[in-house]
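If you count by my numbering, then the sequence shown holds residues 40 to 199, one letter each, in order.
Written out below as structure tokens is the structure these notes cover.
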Amino acid sequence: SRLIDVNSDDMARDGRMSKLAPPIFLFKGELLHQHRDLPRQLIKQLSQEPVHNARSLKEDPFLQENINCRETINLLDLVMFHATKSRPNPNETLKSYCQAFNLVGGNKEARGRVLQCAAIGSVPLKQLSSLYEIVESIVADAILPTLPKVLPGKYCAPLP
């Protein structure tokens, strides 16, 4: 076990740190380089192709609500991570994959809402990367126009 000084003033008389560190110190940044690169890792592990119903996905009422887009992105992150490890059948649908493997993490109720959307749940895993990019672009289109309202003016100057 490691000893740590939680408050910087809890030194023991013998000079050692006085508080015991937890056995597992959670830091989520050590895997950031792998998480950021998840779509590329997925492409290496599972053959990918463009989504066939891209236009209908972009216009789907479910994805017009920002909270649903966020939940969809969260679900796709989980699925992409698990798919890089389990190497599923590329023709399996997103809904059947999620039901077959009880994915850990995230909000189970929100995942259920996302999978109830037929346009999303019926997408085969071989189109997962493309689906992620579509939802990501919907989120960007929703957020970018609001940035000038929330960012300080010095960050909103147009580029030359």
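Cβ coordinates follow ideal geometry from the N, Cα and C atoms, glycine included.
For clarity, every value in this text was computed on a predicted model and none was experimentally measured.
Under the rule that 16 or more other beta-carbon atoms within 10 Å means buried, what is Tyr194, buried or exposed?
Result: exposed.
Taking the beta carbon of Asn107 as the centre, do at least 16 other beta carbons fall within 10 Å, making it buried, or is it exposed?
Buried, because 16 or more other Cβ atoms sit within 10 Å of the Cβ of Asn107.
Would you mind sorting Leu96 into buried or exposed? The rule is 16 or more other CB atoms within 10 Å of its CB.
Classification of Leu96: buried, given that the 10 Å Cβ count is 16 or more.
Less than 8 Å between the beta carbons of Val174 and Thr111, yes or no?
In this structure, Thr111 lies closer than 8 Å to Val174 by Cβ.
By how many angstroms is the C-alpha of Pro78 removed from the C-alpha of Glu164?
According to the sequence shown, residue 164 is Leu rather than Glu. Near 12 Å, if we compare the C-alpha coordinates of Pro78 and Leu164.
In whole angstroms, what is the alpha-carbon distance linking Arg152 and Gln166?
One C-alpha to the other measures close to 20 Å.
Start and end of the alpha helix (DSSP H) containing Lys193?
Premise fails: Lys193 is in no alpha helix (DSSP H) and is neither H nor E.
Beta-carbon separation of Ser169 and Pro100 under 8 Å?
Going by C-beta atoms, Ser169 is not nearer than 8 Å to Pro100.
Can the beta-carbon of Met119 be found less than 8 Å from the beta-carbon of Leu154?
Not in contact: Met119 and Leu154 (Cβ atoms no closer than 8 Å).
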